[in-house]
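Structure first, then comments.
Residue numbers (the working numbering): 2 to 520.
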């Protein structure tokens, strides 16, 4: 971050003045619209889906509970390809209406190549962040209180706004912050749909105008927005520290609204069709149309699949461990660390391309110092040690995705009353005992969620991996980008489908663990 800020302070005035006078306001307004729109839509989708699946009974409820988490496994840029292909002029829906002799209705088809379309695409791929966290919060911390309130005659609207939301607020805020920072830093969707956001502006300033310093200055605007969001989050969550409750649930718990409901079924079905079934059908159709003609095409993706899984696992493990240690340290020492932690979490709001440049500039500097040191002890002909290894990728992922792991763990710590810590310390427990013997057994479900989110994000990550990867090293996201860049959208659908396939298994597994363990 320091490297980027240093670059931002030494811009080419001519280039920066051109950007500021002609594009800066547009970049900023579009980014704010995107953040606000995605936040509102994901809250509506995530909270309503969580409320309906926890407290209502309807047909195929268990199946829908699994299906609603799968959209998080689909790369957002793949969903953008899908809906653009469906709704563009000459697209599938246009052809279908023409086949039915209904050309007069073609003008009614909405276009996703707009700010509203970008909000739609990002919302239907990001809402599971809110849905998952809100669902487990409702199930674990709100359910019995809501059951008691319902038995006392409180109506359903008041149950939601007066009981469920206040009890689940720390967790819901954590999920929403992840969504907001993902929307801030998105590049693939807004670039493909032609939306001039700050992340696209950074790309254009660097590659279009050839001025990385101006791109760095635009990146600082994202840092400021992210810091405002994170600071607001901390203030809101501190007011709820230690106020949440936890109950052991069982399958025999009474259902508040136990009769079968048709309306919740219809609502959840519509959610599932729009967020999952349509993109999935497009990916499968596009992939099969190539695979059927040449089955050997799959062989091109075996090595990239292994590379993607390896990076996602190692990165997820590293980042989850670091986030857990930071959260524990923050809990012990409190206030003095809050500013530094919020500063560290800003990396999630930074486009991967900016993170990559900041990291590679720093690491190359360190490599040069190492080479100079080795020469002092007569070790010659040593190349760039760190820059040519996987360490640089893991370091970039740590900066980029620390907030992804940090937020669920921090939200879980908000539910643990500090009196437990004081009691353990007064009984002579060391910090290591407090962490391993008390906190981990209480919070391990949140560690699993953190690892899952990071694993999936690394699977889908593109810009930083593309720039920092070792020579001749491909991942599924890189292959998707390369094929899409050459307008081979059907070929790009195959690695996108692989990404989704590999992400579904941990998603279903974590959902199963929560259900069986009754966490």
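Every residue gets a Cβ at the ideal spot worked out from N, C-alpha and C, and that includes glycine.
In the three-state DSSP reduction, residue 60 falls in the coil class, being neither helix nor strand.
Take residue 149, set aside five residues on each side of it, and no residue of its chain has a beta-carbon closer than 8 angstroms to its own. Rounded to whole angstroms, residue 288 and residue 492 show a C-alpha spacing of 7 angstroms.
In this structure, residue 177 keeps its C-beta atom at 9 angstroms or more from the C-beta atom of residue 116.
Counting the other CB atoms within 10 Å of its CB gives residue 506 a total below 16, which places it among the exposed residues. Judged by pairs of C-beta atoms under 8 angstroms, the segment 470-487 does not touch the segment 365-381, as fewer than three such pairs exist.
Taken through DSSP and simplified to helix, strand or coil, residue 428 comes out as coil. Exclusion of the five residues before and after residue 469 leaves 357, 360, 361, 393, 394 and 397 as the residues of its chain whose Cβ lies within less than 8 angstroms of its Cβ.
By the neighbour-count definition (other C-beta atoms within 10 Å, threshold 16), residue 437 is an exposed residue. Assignment of residue 422 by DSSP, reduced to helix, strand and coil, places it in the helix class.
Shown here for residue 474: same chain residues with a beta carbon closer than 7 angstroms to its own, the five before and five after excluded, namely 308 in chain order.
Taken in chain order, the unbroken stretches of alpha helix (DSSP H) that lie wholly in the segment 60-140 and span 4 residues or more are 62-68, 77-88, 93-100 and 116-138.
With a threshold of 16 other beta carbon atoms within 10 Å, residue 458 meets it and is buried.
By the beta-carbon neighbour count (other beta carbons within 10 angstroms, threshold 16), residue 471 is exposed.
With a cutoff of 9 angstroms on beta-carbon distance, residue 481 and residue 312 are scored as not near each other. The three-state secondary structure of residue 237, taken from DSSP, is helix. Three or more beta-carbon pairs separated by less than 8 angstroms are not found between the segment 154-162 and the segment 205-224, which leaves the two stretches without contact. In the three-state DSSP reduction, residue 476 falls in the coil class, being neither helix nor strand.
Boundaries of the alpha helix (DSSP H) harbouring residue 373: 353-377, taken from the DSSP string. In the structure shown, the three-state DSSP call for residue 300 is helix. According to the DSSP assignment, residue 271 belongs to the alpha helix (DSSP H) that extends over 263-273.
Residue 352 and residue 75 do not touch by the CB rule: their CB atoms are close to 20 angstroms apart, not below 8 angstroms.
Between residue 113 and residue 194 a beta carbon distance of about 6 angstroms is seen, short of the 8 angstroms cut, so the two are scored as contacting.
Residue 390 sits exposed, since fewer than 16 C-beta atoms from the chains shown fall within 10 Å of its C-beta.
In the DSSP assignment, residue 405 falls within the alpha helix (DSSP H) that extends over 392-415. By the neighbour-count definition (other C-beta atoms within 10 Å, threshold 16), residue 431 is an exposed residue. Taking the Cα positions, residue 301 is about 12 angstroms away from residue 295. Annotation for residue 40: 177, 180 and 181 place their beta carbon closer than 7 angstroms to its own, counting only its chain and skipping 5 residues before and after. A check of alpha carbon separations from residue 111 across 133, 132, 86 and 78 identifies 86 as the nearest. Straight-line measurement puts the Cα of residue 299 at about 7 angstroms from the Cα of residue 292. Cβ-Cβ separation between residue 210 and residue 16: approximately 5 angstroms, consistent with a contact (criterion under 8 angstroms).
Each of 71, 18 and 267 was checked against the Cα of residue 133, and the nearest Cα belongs to 71.
When DSSP states are grouped into helix, strand and coil, residue 458 belongs to the helix group. In the DSSP assignment, residue 488 falls outside any alpha helix (DSSP H), carrying neither H nor E. If you look at residue 161, you'll find it isn't in any alpha helix (DSSP H); DSSP assigns it neither H nor E.
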